[in-house]
Amino acid sequence: MIANKRLIDQAARQRALNTQLSFAVSAPAGSGKTGLLTQRVLALLAQCDEPENVLAITFTRKAAAEMQARILEALDNAQQQPTEPEADYEKTTWHLAQAVLQRNKDKQWQLLSCPNRLRIMTIDSLCRSLSQQMPFESQLGHTSEILDNVNRAYQLAARETLQQLHRPSEIQGDLIRLVKHFNNQLDQIETLFIRLLVKRDQWLGIVFQTKNQRELLEAMLVEVIEEHLQSLQHTLLPIASELVLLADHAANNLQDSSSPIKSCLGLTGLPSADSSFIPQWLGIAELLLTQAGSLRKSATKTIGFLSPLDRSLSPEQKESAKIFKQRMAELLTEAQKISELESTLHQIRTLPSSGYSENQWELLDSLTHVLINLASNLHITFQQLGKIDYLAVTLAALDALGEPDRPTNLALALDYKIQHILVDEFQDTSTTQLELLQRLTAGWQTHDGRTLFVVGDAMQSCYRFRDANVGIFLDVRQHGISDITLEPLNLQVNFRSQQGIVNWVNQSFQRIFPAVNNSNRGAVAYSPSTSFKSALNIPAVETHLLAYEDNLLSRQDEARVVTDIIQQTQRQRPKDSLVVLVRSKAHAQTIISSFNDSGITYQANDIDRLDTCMPVLDMLSLTKALLYPQDRIAWLAILRAPWCGLNMHDLHTLVHDRKEGEHWPLLISRILDIAQQDGIIHHLSSAGQKKLQRFARVISTALAQQKRHSLRHWIHGIWLALGGPGLLINIHDKENVNTFLALLDHYEQGGTITRWQDLEQAVNELYAKPTISDKENSVPPVQIMTIHKSKGLEFDTVIIPSLDKRSRSSNKELLLWLERIDYSEQTHQQQRQLLISPINATGDNKDPIYHFIQQQHTEKDQLESDRLLYVGCTRAIKQLHLVAYAGIDHRTYEGSGPLTLKHLKEPSSQTLLQRLWSAIGQNDQQNLLHIIEPNKQKDSQAMSKKTTKLSHPSHIASLPPNWEAPVIQKNELLKPYRGTNQLATVNHRNNTTRKNVATPDALMQREQRYIGTVIHLALQHITETGYKNWNRTRIQKQQCLWKIQLAQKGINPRRLDQAVDIVHQAIDKTLNDKTGQWLLDNTHEDSATELQLWDSKGQHIIDRTFIDTKVIKGMKERIRWVVDYKNSQPSENQTQEAFINEQKQQHQKQLQYYTTLFNHERIPTCSALYFPLNHLWVEI
C-alpha cells in the first residue's frame, strides 16, 4: 500500500466502506485486514450520533489494542497533516479520519482526550460487561473473580458427583450404570468428567436436547449416512455406467464368497442414496479400494476378476476374463483422476449405524442425567469458592441477553445503543460465540440502518481446541446471520510476502487444501493470492532434508542446521527479523540448547515454563522448607542449592548425623543447633562447615522475623541475605524471580500458603520471561514461538523445523459429539445438528457411531493441521526455510552417488512433511532443495558435542565458603521515619529481644475469636431454620462450609481440622442440651439472633434475644432475655466456680448495658451468658 498501484481487489475494498450494507469479508494472509477494519470503523464513526454506537469485537487484547492504536493514530495524523497523502490507502484513511474529526467537533465527543469511548473490546471482556449489567439474569450476582486454578473447581465438582454413588440420590442408578460400563475405574471417570467440564459450553445444551429425543437423534444419523451416500453418488457420476456393469460382473463371480462385492449383483445403475442400500455401497467401496483405504491399481481374482491364464476356464471364458480385466484396469485409471474419490469411498466404510442399540441408549440417557448434575455441582462449587472461570462468564452473558424471541431489558437497551458491530478473526468463532452474536443482533433487518461486518480467513482457522468452527464462517458468508444478509467480499492482494513466496504458497496449498468448501467437514478450499511486492534475487523457499539410515535417535543435527541458517542469514542481512516456528513447544528445546551453545541471542515467547528456571525452583523449595519444616526433600534441595552448595558427601554426612538411638530429627532442628552453637559436624568438609554455618545463621535470623513481614517480603529478604542475586546467570532471571514473588503475594493467606498445590500449578503454568537482546548488539534476537502464537505477525525470514514429527493423537472422551451447522430457511437461523455417542465399554469392540464421530474429528484435525501449516508459511516476508528428517529408501538407493528426493521414503501421513512432499520436488532458482547426507550430519554432531562439553561445566556453581552479604550502608536521613530490618545483615546473631512479635497466647486467642465467630454464625443459622430440623447428618454436611469460613478467617491450615471439630462439638452439645434447645427455639415472642442495635455510642450486636415468661414472686411475667454466646472454657486446674466468677466479672458491665437498650419496652429484662462447649448457663 506504499505506491499508487492499481489493486485487483480495489473494488471489494472500496465496497467494504459502504456503511449501509453488511459484509462478510474473506481476507487471506497479508491482505491488510486490520487496515480495512480501521477504515470501516472510521467510516461508521463519521456517521454515528455517539461513538458507542459502533462495537468492534476481537479475540485477543493485543488485537483490540492494535485496532484502537491505529484509529487514534489515523485521527492524530489527520489532525497534524493538513494535506492529503499521495498513496491510495493513506489518502482514503486520511479523508475518513478528517470526517470523524469533524463529527467529533460537531458532537463534542472529545475522542482524542477520551479514547475509551471507542468500543473496541475482546469477546471475553464483552461477556463480562454484559453479565455484570444483569447480575440476576446472568446468575453471577456480584462481580466474581476468575479462578487461577480452575482444575481445582472441576475436580471438586467431579468428586461431589461421584460421591452420590454412596448415598441415595436421583442419579445413583445412572452412576452405577456408568461405573459398570467403565469396569469400576473411578479415577478414569473423574478425569473424563474434568475434561468434559473444560468444554461444557459445547455439550450443556446438547445433553438437554438428547433427553427423550431418540427419534430425532436417530433421524440425524440417517441424514448423515444419506448425505455421504449422495456425495459419493455425485463423485462417481463420470464412471457410473461402466462401474455398475463391472460391479455386477465381479459380484457374479463372488457369490460363493463372503466378499461385500457380491451385494452388487444385478446393479443396473448406482445404488440409491438411501441407508437401506449401504451393503451395495460397501460392495462398490470394496471393489475400488484396498484394505488400507487407497485406490486399487489392478483387478484381481479376490475382487471378482478372473485371470485369463486360469486353466480351468474355457477359451470363451478366458477371452471374457481378459476383456473385463482390461476394462477394470481402465476404470481404475480413470478413478485415479477423480478428486477426493479415495477419501469419499473410505468414509463409506466408517459410516455409523442408523440407530442406537438399547444398551447404548440407556447409557446415553444415564449420561445426560449425570452430566446435568455435574454442571450443577460445578455451579455450586463456584459459589462456595466465590470465583468462576471464563466459560461461566460467557454463558452468563447469554443468560443476561435472554433468548432472541424473549430479550431482556439489557438486550433491548443494547439494541437501541449499538448500531454497528464488527467482528475480527471470525473464522475462529465458536457456536457459543455465534449464539451471542445472534442475540446481540436479534431483530436486526437488512437495510434498517444497522450493519454487521465480519472479517476473517477460513484458510487460517486453527483453533478447534478452543471450539472454533470454521464451518460457521463458511455458512455465514453464504446465508448471513438471522435476518441479516451479509454480502461476501474477497480480498486477494498479499502486501506481506515477496512474489516468490506467494507463488510457492499458491502452487503448494492448491494441492494440499480440499477442492471445495464443506462447512460440516470443516473443509476449506484454497483461494490464491496475488503478490503486491516483486520477487527478490534470493531463493524464496529452501527445504532442508536430513537423510537418516534406520532409526532417528536425536534431533541435534536438525538444531545445528537451524543454527547454521540463522548465522548465515545474520551475516548476509543483519537487520532482518528471524523466527523459528514450531508446532509444539517441545520441538523447540533442542534448538534452544543449540542457540545457547552457539551464542545466538534469542527470545523464546511462552516456550520455557517458569518451573524450568532454576532460581525460581530454588525459591520455591526455600518457601516450602520454611513453611513446612517436616518436608525433608525441600530442605535437601535448599542445602544443595548454590547459595549453600553442599556437595553430595557433605549432604549425606549432615543427613545421617544423629545421636545413637535418636529418631531422625528435622533438618531445621539441626540447622538451628548449628546457628546457636556454631556447631561442628564431624566428617563434614572444611568448606562445607563454613557454608553450612553461614546458611544456618541466615535461616535462624529469618525464622525470628517470621510473621513480621508479608510472605513475599520475608522470602525475598532471605533470598537476598543468602546471596541469591549474585547467583543469577541469565539477565532475565531477575524478572522470573519477581514473577514468583508476585505469585507468593497472590496466594498468601495469613503468612502461609494454604493450598500449596495451587502455587505449584501456577508456577507450572506461567512462562519464564524471554531473553532480552543486548542493547549493544545490532542484530535483533531470533524469535522462537509456536505457529499458533505467530498468527497475525510477520518476519523477514521464517524457519519451520520438525515437519516430519507426527501430530499427537487425541484422548478418548467419555462422550463424543459432532456438531454440524445447518441453515434453516424457516427460522433464518444457523441451527445445531447433532451426532452424539457415549464411549464403548471397557474391553468391548468399537461402537460404529462413536468410531464414526471419532473419524470425523480426525479428518477435521488433519484439515486444520494443513491450515496451521499455511499460517506458518505465510508469516515470511523475504524467505522461508523448511527443515525435516527423511528416511533413506534402500530399495531405490544403493549407497553410492548423491541422494535425491526419489531416494527418500515418503513421510508418514500424519506429518506436515507428507502434505508438502509433492511441492518439495520443485527445484529452481526460487525454490531450493538441500538433502543433507548422514556423513555430514556426523561431522556436525561431533562439533555440537565438542561445543556442549565446553559450555556446560560438570561442577555445580555455588558461593565461596567465606562469602558474606554486603553490609548495607547506614543512611541517617530517613532514620526518624523507618524501623529496623534485622534480616538485612546476617551477622546479627544475638537477637534476644523481639519486639512487636505476636506471642503464642495472643495467636491462640485470635484463633479462638475466629472459631467463636463461626459458632455464632452456625447458631444463628440453626435458630433461623428451626433447631428441630437439624440432625447429625445435616450437621455433618455443614463441616465443609465451616472449614471454608475458618480458612477465610485465617486459621492456620494445620489446625483447620481441629478448629472444625471445636465448632462441631459446640453445635452438637447445644442441640442436645435442654437450655440450648430453649435458646435456639425461634417460636419465642420477638425472637432475634445477631440483632444489630444503634445508639449514641455506635453499633451493638446482640447474640440472642427474645421474650419469654418467668415466674417472679409467684406470678408469671413476660421477660426480655438478652443472651451472649461465649466459647471460652476453664483453664487448666481452674474450678468451674472460679471460671463462672471470672466470666461474670468480665462481661457483666457489657450485658447490663445491652439490657438498657430495651428500656423502652417497659418489661423486665434479664441477661445471661451461654457456653456451648460446656452446657453452661450463667445468669448475670
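Just so it is clear: in the sequence shown, position 1061 is 1061 by full-length UniProt numbering, and no numbers are missing.
Just so it is clear, CB atoms sit at the ideal spot from N, CA and C, and this is done for glycine as well.
The model shown is predicted, which means the values in this text are computed figures rather than measured ones.
Would you call residue i buried or exposed, if buried means 16 or more other Cβ atoms sit within 10 Å of its Cβ?
| i | result |
| --- | --- |
| residue 1136 | exposed |
| residue 471 | buried |
| residue 897 | exposed |
| residue 406 | exposed |
| residue 208 | exposed |
| residue 736 | buried |
| residue 1070 | buried |
| residue 930 | exposed |
| residue 648 | exposed |
| residue 1092 | exposed |
| residue 358 | exposed |
| residue 314 | exposed |
| residue 942 | Its pLDDT being 49, under 50, residue 942 is placed unreliably by the model, and the measurement read from it follows with that caveat. Exposed: under 16 other Cβ atoms inside 10 Å. |
| residue 6 | exposed |
| residue 1176 | buried |
| residue 64 | buried |
| residue 567 | exposed |
| residue 114 | exposed |
| residue 575 | exposed |
| residue 1115 | exposed |
Near residue i, which residues of its chain fall below 6 angstroms by C-beta distance, leaving aside the five closest residues on each side in sequence?
| i | result |
| --- | --- |
| residue 944 | At residue 944 the pLDDT is 45, less than 50, meaning the model places this residue with poor confidence and gives no usable figure here. |
| residue 277 | 271 |
| residue 733 | 615 |
| residue 989 | Bear in mind that a pLDDT of 41 at residue 989, under 50, signals an unreliable position, so the model cannot answer this. |
| residue 741 | 712 and 716 |
| residue 318 | 308 |
Cβ of residue i versus every heavy atom of the ligand MG: is any distance shorter than 6 angstroms?
| i | result |
| --- | --- |
| residue 589 | Annotation note on the ligand MG: not contained in the displayed structure, which lists no ligands. |
My guess is that residue i and residue j are in contact by the Cβ rule of under 8 angstroms, so how many angstroms apart are they, rounded?
| i | j | result |
| --- | --- | --- |
| residue 97 | residue 112 | The pair is not a contact, with the Cβ atoms about 11 angstroms apart (cut-off 8 angstroms). |
| residue 109 | residue 51 | 6 angstroms |
| residue 871 | residue 460 | 5 angstroms |
| residue 884 | residue 545 | 6 angstroms |
Cutting at 7 angstroms between CB atoms, please list the residues of its own chain near residue i, excluding the five before and the five after it.
| i | result |
| --- | --- |
| residue 1124 | 1103, 1147, 1151 and 1169 |
| residue 793 | 875 |
| residue 1051 | 1007, 1010 and 1059 |
| residue 366 | 174, 177 and 178 |
| residue 355 | 218 and 221 |
Only counting the same chain, and skipping five residues up and downstream in sequence, which positions put a Cβ closer than 8 angstroms to that of residue i?
| i | result |
| --- | --- |
| residue 30 | 494, 495, 496, 497, 529, 794 and 874 |
| residue 477 | 24, 26, 486 and 488 |
Quick check: the region 400-409 against the region 118-136, are there 3 or more CB pairs under 8 angstroms? Contact check between the region 400-409 and the region 118-136: three or more CB pairs, one atom from each, fall below 8 angstroms, which counts as touching.
Would you mind listing the beta strand (DSSP E) stretches within the region 241-329 that are 3+ residues and don't spill past its ends, in chain order? Every candidate beta strand (DSSP E) stretch fails here, since none sits fully inside the region 241-329 while reaching 3 residues.
Contact the region 532-551 vs the region 515-523: 3+ CB pairs below 8 angstroms: Contact between the region 532-551 and the region 515-523 is not established, with fewer than three Cβ pairs separated by less than 8 angstroms.
Ordered list of beta strand (DSSP E) runs contained in the region 519-560, each at least 3 residues: Given a length threshold of 3 residues, each whole run of the beta strand (DSSP E) inside the region 519-560 is given here in chain order: 541-548.
Should the region 473-481 be regarded as contacting the region 883-898, the criterion being three or more beta carbon pairs within less than 8 angstroms? Too few Cβ pairs lie closer than 8 angstroms, so no.
Are the region 373-380 and the region 328-340 touching, with three or more C-beta to C-beta distances below 8 angstroms? With a cut-off of 8 angstroms on Cβ pairs, the region 373-380 is not in contact with the region 328-340, counting fewer than three such pairs.
Would you check if there are 3 or more beta carbon pairs closer than 8 angstroms linking the region 316-325 to the region 295-305? The region 316-325 vs the region 295-305: in contact.
Pairing CB atoms from the region 153-171 with CB atoms from the region 422-438, are three or more of them under 8 angstroms? Verdict: no, contact absent.
Could you tell me which whole alpha helix (DSSP H) segments of length 4 or greater appear in the region 710-758? Secondary structure in the region 710-758: the alpha helix (DSSP H) runs of 4 residues or longer, each lying completely within the stretch, are 711-722 and 733-747 in chain order.
Runs of beta strand (DSSP E) lying entirely within the region 590-627, each at least 3 residues, in chain order: Counting only runs that start and end inside the region 590-627, the beta strand (DSSP E) elements of at least 3 residues fall at 602-604.
Touch test, the region 626-640 against the region 600-609, Cβ-Cβ under 8 angstroms, three pairs minimum: Taking a cut-off of 8 angstroms on C-beta distances, the region 626-640 does not touch the region 600-609, as fewer than three cross pairs fall below it.
Curious, which full-length alpha helix (DSSP H) runs of at least 4 residues does the region 196-238 contain? Taking only runs of at least 4 residues, the alpha helix (DSSP H) segments lying wholly in the region 196-238 are 200-210 and 214-235.
What ranges does the beta strand (DSSP E) occupy inside the region 3-68, keeping only unbroken runs of at least 3 residues that lie completely in it? With a minimum length of 3 residues, the unbroken runs of beta strand (DSSP E) contained wholly in the region 3-68 fall at 23-26 and 54-58.
Would the region 630-647 and the region 757-765 be scored as touching if the rule is three or more Cβ pairs under 8 angstroms? With the cut-off at 8 angstroms, the region 630-647 and the region 757-765 do not touch.
What are the uninterrupted segments assigned as beta strand (DSSP E) that are 3 or more residues long and contained completely in the region 1090-1178, given in chain order? Within the region 1090-1178, the complete beta strand (DSSP E) runs of at least 3 residues are 1098-1112, 1115-1125 and 1165-1171.
Stretch pair the region 500-513 + the region 442-451: three plus CB contacts closer than 8 angstroms: Because the criterion of three Cβ pairs below 8 angstroms is not met, the region 500-513 and the region 442-451 do not touch.
Check whether the region 436-446 touches the region 75-90, taking contact to mean three or more Cβ pairs, one atom from each stretch, closer than 8 angstroms. With the cut-off at 8 angstroms, the region 436-446 and the region 75-90 do not touch.
Start-end ranges of the alpha helix (DSSP H) lying completely within the region 1024-1088, minimum 4 residues: Fully enclosed alpha helix (DSSP H) runs of 4 or longer: 1032-1049, 1056-1071 and 1074-1080.
Assess, as a yes-or-no matter, whether the region 848-862 is touched by the region 802-818 under the definition of 3 or more beta carbon pairs within less than 8 angstroms. Under the Cβ criterion (8 angstroms, minimum of three pairs), the region 802-818 counts as touching the region 848-862.
Can you check the region 401-469 for any beta strand (DSSP E) of at least 3 residues that lies completely inside it and give the ranges in chain order? The qualifying runs are 420-423 and 451-456.
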